[in-house]
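Novice:
2 protein chains.
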Amino acid sequence: MSKEGLTPRQQQILDLVRNFSADNGYPPTVRELCQLAGVSSPDTVQYHLDNLRDKGFLGEAKGRSRGAQIASEERVALIPILGKVPAGPSSGAYAEPMGHVPTVMDRGDASGLFALKIKGDSMESTLWDGDTVVVRWQETASSNDVVVVRYDDGEATVKRLKVKPSGLILVPDNKVYEPFDIGDGRIAGKVISLIRKL
Amino acid sequence: MSKEGLTPRQQQILDLVRNFSADNGYPPTVRELCQLAGVSSPDTVQYHLDNLRDKGFLGEAKGRSRGAQIASEERVALIPILGKVPAGPSSGAYAEPMGHVPTVMDRGDASGLFALKIKGDSMESTLWDGDTVVVRWQETASSNDVVVVRYDDGEATVKRLKVKPSGLILVPDNKVYEPFDIGDGRIAGKVISLIRKL
DNA sequence: ATTGACATCGTACAAAAGTTCGACTATAGT
DNA sequence: ACTATAGTCGAACTTTTGTACGATGTCAAT
Numbered sequence: 026m027s028k029e030g031l032t033p034r035q036q037q038i039l040d041l042v043r044n045f046s047a048d049n050g051y052p053p054t055v056r057e058l059c060q061l062a063g064v065s066s067p068d069t070v071q072y073h074l075d076n077l078r079d080k081g082f083l084g085e086a087k088g089r090s091r092g093a094q095i096a097s098e099e100r101v102a103l104i105p106i107l108g109k110v111p112a113g114p115s116s117g118a119y120a121e122p123m124g125h126v127p128t129v130m131d132r133g134d135a136s137g138l139f140a141l142k143i144k145g146d147s148m149e150s151t152l153w154d155g156d157t158v159v160v161r162w163q164e165t166a167s168s169n170d171v172v173v174v175r176y177d178d179g180e181a182t183v184k185r186l187k188v189k190p191s192g193l194i195l196v197p198d199n200k201v202y203e204p205f206d207i208g209d210g211r212i213a214g215k216v217i218s219l220i221r222k223l
Numbered sequence: 026m027s028k029e030g031l032t033p034r035q036q037q038i039l040d041l042v043r044n045f046s047a048d049n050g051y052p053p054t055v056r057e058l059c060q061l062a063g064v065s066s067p068d069t070v071q072y073h074l075d076n077l078r079d080k081g082f083l084g085e086a087k088g089r090s091r092g093a094q095i096a097s098e099e100r101v102a103l104i105p106i107l108g109k110v111p112a113g114p115s116s117g118a119y120a121e122p123m124g125h126v127p128t129v130m131d132r133g134d135a136s137g138l139f140a141l142k143i144k145g146d147s148m149e150s151t152l153w154d155g156d157t158v159v160v161r162w163q164e165t166a167s168s169n170d171v172v173v174v175r176y177d178d179g180e181a182t183v184k185r186l187k188v189k190p191s192g193l194i195l196v197p198d199n200k201v202y203e204p205f206d207i208g209d210g211r212i213a214g215k216v217i218s219l220i221r222k223l
């Protein structure tokens, strides 16, 4: 549990696991690690693996093949990039999205997340054309949150939310555009993160 | 090779592999997929796996346990977040970084990449305090590239580069600060991508 | 009616892989 | 000297796991 004080050997084994996983897409076996680390006995590696698990650097997958998986805080989920905003979190079971965005699974799982490509300049200075945003499914949000709003015709838009007594207002960060009432739109999610290629 | 025309069943199996991998940190075994897909014969799953490999959706790891790894274009590498810019790409063998940033391995591997946390407002409007940037190790860059410059005392800075006949100029995007000569600094890398939590 | 793609089944087998055991070495602290 | 920690070894054992085989069923097109 300590998360502190890895011996040099443990550090090395952990790095080996990380690199192997990144290179191959799956963790190494005990014996593959033997080779990589230059030791001859599987038990030697197993010994270090057990310690790394105890300290929380590896997930609890003892007994399974290639069970030397990196701990979940460091693990990564691929969240789908949706072209349009679909009906809801549970939809689109087997539909192929535009691509995937890797996200660290900091707090629990990533099943409530999706990504969108930004088109247009209505949120300019905050969000640029071509940016990718990560969105969490939620039907309510607070003032100044950047939200995804879905309309019945399937169209979706990303705007900054203002909660007024009169109702919900959507304001484009780009001053060239005018704020407008949400109308029959509904909040689909909140933008929590931005990825931009420079 | 076609990458097109997945049958519904193949689509489902592929999704199962993706979800399992994201949940567990390693791909499923043939028999685990049997359960997930609701079929009883390992050969049925194997049959679909072979097809998915042929079409390029899965990597070539036939014969190995848990060899149903997602194709490398969709795979992810964890690149280290370095507090300070170290000596070079080959350094810091077993040093533990501040954290990791997931990145899709679009073009080959991600070993030439690292990440930095932005501090200060000198690049404001482009880069905000707290942003994480992904940097590719390289010692040269072009005008208008955002670069990481390293000084002999170990200090590093992120600025926009201007190549002038008189030499290299570093210009902060924030107009409050003045451009200055690179001095004895050297280019360590180029900022290629930006990740911002909102 | 027949062909071909798609999909499945159950069984069997050989290789891969996690685990365990007892013993051993080296180092540092008490 | 004694002891605890870290690390290693090699062999044996038990599952797990990928693979192969032969047979069957469905459905659409020819």
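First to last, the sequence lines map onto chains A and B.
Residue 95 in this note's numbering sits at position 70 of the first sequence, with consecutive numbering throughout.
Residue 171 in this note's numbering sits at position 146 of the second sequence, with consecutive numbering throughout.
We put the CB at the ideal spot given by N, CA and C, even for glycine.
Remember, predicted model here, so these are calculated numbers, not experimental data.
#1: Using DSSP with H/G/I as helix, E/B as strand and the rest coil, what is residue 166/A?
#2: Over what stretch of residues does the beta strand (DSSP E) that includes residue 4/A continue unbroken?
#3: To the nearest angstrom, how far is it from the Cα of residue 219/B to the Cα of residue 160/B?
#4: Kindly confirm or deny that the region 60-70 of chain B and the region 57-69 of chain A touch, where touching means at least three C-beta pairs closer than 8 Å.
#5: In chain order, what residues of the same chain have a beta carbon less than 7 Å from the beta carbon of residue 73/B, not counting five sequence neighbours either side?
#6: Leaving out five residues on either side along the sequence, give the residues of the same chain with a beta carbon under 6 Å from the beta carbon of residue 152/A.
#7: On the CB-based measure, 16 or more other CB atoms within 10 Å of its CB, does residue 139/B come out buried or exposed?
#8: For residue 227/A, go through chain B and note every residue whose CB falls closer than 7 Å to its CB, in chain order.
#9: Taking only three categories from DSSP, how would you classify residue 206/A?
#10: Among all the DSSP beta bridges, which residues are the ones paired with residue 157/A?
#11: With C-beta atoms as the reference, is residue 52/A less than 8 Å away from residue 78/A?
#12: Taking C-alpha atoms, which residue in 207/B, 198/B, 191/B lies nearest to residue 180/B?
#13: For residue 63/B and residue 93/B, what's the separation of their Cα atoms in angstroms?
#14: Give me the Cα-Cα distance between residue 121/B and residue 175/A, rounded to the nearest whole angstrom.
#15: Taking the DSSP output, what are the residues bridged to residue 194/B?
#16: Taking residue 78/A as part of the alpha helix (DSSP H), name the residues at either end of that continuous run.
#17: In its own chain, which residues sit with a C-beta less than 8 Å from the C-beta of residue 41/A, not counting the 5 before and 5 after it?
#18: For the candidate residues 75/A, 32/A, 204/A, whose alpha-carbon lies nearest to that of residue 184/A?
#19: Could you pull the start and end residues of the alpha helix (DSSP H) that residue 42/A belongs to?
#20: Could you check where the beta strand (DSSP E) with residue 175/B kicks off and where it finishes?
#21: Could you confirm whether any beta carbon from chain B is found closer than 8 Å to the beta carbon of residue 171/A?
#22: Leaving out the 5 sequence neighbours to the left and right, which residues in its chain are closer than 8 Å to residue 154/A when beta-carbon positions are compared?
#23: At a CB-CB cut-off below 7 Å, which residues of chain A make contact with residue 216/B?
#24: My understanding is that residue 170/A touches residue 186/A, with C-beta atoms under 8 Å, so please give their C-beta distance in whole angstroms.
Specialist: Reading it off the structure:
#1: coil
#2: Outside the displayed span of chain A (26 to 223) sits residue 4/A, for which this structure offers no information.
#3: 9 Å
#4: As far as the Cβ criterion goes, the region 60-70 of chain B does not touch the region 57-69 of chain A, which means the pair count is below three.
#5: 34, 35, 38
#6: 143
#7: buried
#8: Since the first residue shown for chain A is 26 and the last is 223, residue 227/A is missing from the structure and cannot be characterised.
#9: strand
#10: 142/A, 220/A
#11: no
#12: Ranking the options by Cα distance to residue 180/B, first place goes to 207/B.
#13: 17 Å
#14: Residue confidence is low: residue 121/B scores 47 on pLDDT, short of 50, so the model does not pin down where it sits. Its coordinate-derived value is still stated next. The alpha-carbon of residue 121/B is positioned some 43 Å away from that of residue 175/A.
#15: For residue 194/B, the beta-bridge partners assigned by DSSP are 187/B, 206/B.
#16: Residue 78/A -> alpha helix (DSSP H) spans 67-79.
#17: Excluding sequence neighbours, residue 41/A sits near 53, 58, 61, 62.
#18: 204/A
#19: 33-49
#20: 171-175
#21: yes
#22: 143, 144, 145, 146
#23: 223
#24: 5 Å
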